[in-house]
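Asks: One line per chain: the protein sequences are S and Z, in this order. At the far end of the first sequence sits residue 113, using the numbering used here, and the numbering has no gaps. At the far end of the second sequence sits residue 121, using the numbering used here, and the numbering has no gaps. Where is the CB? At the ideal position from N, CA and C, for every residue including glycine. In this text the structure is predicted, and so the values were computed from the model without any measurement.
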Amino acid sequence: AQRVTQPEKLLSVFKGAPVELKCNYSYSGSPELFWYVQYSRQRLQLLLRHISRESIKGFTADLNKGETSFHLKKPFAQEEDSAMYYCALLNPGAQKLVFGQGTRLTINP
Amino acid sequence: DTAVSQTPKYLVTQMGNDKSIKCEQNLGHDTMYWYKQDSKKFLKIMFSYNNKELIINETVPNRFSPKSPDKAHLNLHINSLELGDSAVYFCASSLRHSNYGYTFGSGTRLTVV
Chain S
5 AQRVTQPEKL LSVFKGAPVE LKCNYSYSGS PELFWYVQYS RQRLQLLLRH
55 ISRESIKGFT ADLNKGETSF HLKKPFAQEE DSAMYYCALL NPGAQKLVFG
105 QGTRLTINP
Chain Z
9 DTAVSQTPKY LVTQMGNDKS IKCEQNLGHD TMYWYKQDSK KFLKIMFSYN
59 NKELIINETV PNRFSPKSPD KAHLNLHINS LELGDSAVYF CASSLRHSNY
109 GYTFGSGTRL TVV
């Protein structure tokens with residue numbers, strides 16, 4: 005069965021500091037992983053996909069198959085980064101996107 | 009605007025009532041989903057439809073019945089509403105066998121009193 009774990013429910017850092025949101029997964033096949041962001045009372049928006057290896061809003065995430073992790077990083081946090089972040093794994097066979105519990109990131113001025 | 013749109017945005021209703029939430033997408037996707045976000049912000053899939061055919065039905069009470077009249081629409085009807093049904097319900101869509109991820113609607117905040 006697929007499972008996504010985000011160990012931190014809350015994360016608070018100061019503006020300008022580096023940010024790392026942790027995500028670990030368990031899945032027997034080849035994972036397709038995503039990060040979604042939800043700003044206050046808004047819809048979930050796709051932030052990035054591991055397959056495209058892109059950087060969006062300064063965020064990057066590297067898939068580490070050995071550690072089964074897909075941590076989200078940003079070198080210098082900005083106040084507008086405050087939001088709820090969800091790591092998600094797509095099981096293509098079951099066509100199901102499974103989410104982690106989410107991490108609420110707060111950037112302090 | 010190409011999007012996934014849900015109505016209503018807010019729904020306040022009494023226990024025991026029956027209510028529906030509508031979802032429409034104009035992205036040309038062939039698969040649609042309903043997710044429930046509880047008070048702890050946990051997101052859990054409820055249903056998914058591909059070309060009007062039910063493909064995922066998680067452990068959801070029978071009071072919840074999805075209906076897909078065509079591949080661009082997926083509605084959710086809830087009978088005999090209970091206090092525990094209070095949550096934000098998100099509709100989403102995607103292309104089956106695509107690894108692009110899902111596009112989400114803006115959510116319907118349901119409050120049962």
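Does the structure place the region 72-85 of chain Z close enough to the region 27-40 of chain Z that three or more beta carbon pairs sit under 8 Å?
Replies: yes
Asks: When we look at the beta-carbon of residue 37 of chain Z and count the other beta-carbons within 10 Å, is it buried (16 or more) or exposed?
Replies: In the second sequence, residue 37 of chain Z corresponds to position 29, counting from 1. Per the 10 Å Cβ criterion, buried.
Asks: Curious, which full-length alpha helix (DSSP H) runs of at least 4 residues does the region 8-42 of chain S contain?
Replies: none
Asks: Going along chain S, which residues have a C-beta under 8 Å from residue 113 of chain Z?
Replies: By one-based count along the second sequence, residue 113 of chain Z stands at place 105. Near residue 113 of chain Z (Cβ distances below 8 Å), the residues of chain S are 47.
Asks: Candidates Z/121, Z/94 and Z/109: which alpha carbon is nearest residue 48 of chain Z's?
Replies: In the second sequence, counting from the first residue as 1, residue 48 of chain Z sits at position 40. Between residue 48 of chain Z and the set Z/121, Z/94 and Z/109, the nearest pair of CA atoms involves Z/94.
Asks: Can you name the residues that DSSP bridges to residue 108 of chain S?
Replies: In the first sequence, the residue the question calls residue 108 of chain S occupies position 104. DSSP output for residue 108 of chain S lists S/14 and S/88 as bridge partner(s).
Asks: Taking C-beta pairs closer than 8 Å, name the residues in chain Z that residue 36 of chain S reaches, listed in chain order.
Replies: Walking along the first sequence from the start, residue 36 of chain S turns up at place 32. Neighbours of residue 36 of chain S on chain Z, chain order: 107.
Asks: Please confirm whether residue 40 of chain S and residue 48 of chain S have their CB atoms less than 7 Å apart.
Replies: Translated into positions along the first sequence, residue 40 of chain S becomes position 36. Translated into positions along the first sequence, residue 48 of chain S becomes position 44. Yes. Within cutoff.
Asks: Of all Cβ atoms in chain S, is any one closer than 7 Å to the Cβ of residue 55 of chain Z?
Replies: If you number the second sequence from 1, residue 55 of chain Z lands on position 47. Closer than 7 Å: no.
Asks: Output needed in chain order: residues of the region 49-64 of chain S with a Cβ under 7 Å from some Cβ in chain Z.
Replies: Answer in chain order: 50, 53 and 55.
Asks: Quick check: the region 90-110 of chain Z against the region 14-29 of chain Z, are there 3 or more CB pairs under 8 Å?
Replies: yes
Asks: With 16 other CB atoms within 10 Å as the buried threshold, where does residue 24 of chain Z fall?
Replies: As a working mapping, residue 24 of chain Z is identified with position 16 in the second sequence. Exposed is the call here.
Asks: Any idea what DSSP makes of residue 38 of chain Z, helix, strand or coil?
Replies: Stepping through the second sequence from its first residue, residue 38 of chain Z is reached at position 30. Coil, per DSSP.
Asks: Give the C-beta separation of residue 99 of chain S and residue 64 of chain Z to the nearest angstrom, bearing in mind that I take them to be a contact with Cβ-Cβ under 8 Å.
Replies: Here residue 99 of chain S refers to the residue found at position 95 of the first sequence. Here residue 64 of chain Z refers to the residue found at position 56 of the second sequence. With a Cβ gap of about 7 Å, residue 99 of chain S and residue 64 of chain Z count as contacting.
Asks: How many whole angstroms separate the CB atoms of residue 72 of chain Z and residue 53 of chain Z, which I take to be in contact at a CB cut-off of 8 Å?
Replies: Along the second sequence, read from residue 1 onward, the residue named residue 72 of chain Z stands at position 64. Along the second sequence, read from residue 1 onward, the residue named residue 53 of chain Z stands at position 45. That belief does not hold up - the Cβ atoms of residue 72 of chain Z and residue 53 of chain Z are roughly 12 Å apart, past 8 Å.
Asks: Which same chain residues, not among the five before or five after residue 46 of chain Z, have their C-beta less than 8 Å away from its C-beta?
Replies: Within the second sequence, the letter at position 38 stands for residue 46 of chain Z. The residues are 52 and 95.
Asks: Using 8 Å as the threshold, is the region 109-117 of chain Z in touch with the region 56-76 of chain S, meaning 3 or more CB pairs across them?
Replies: No, they do not touch.
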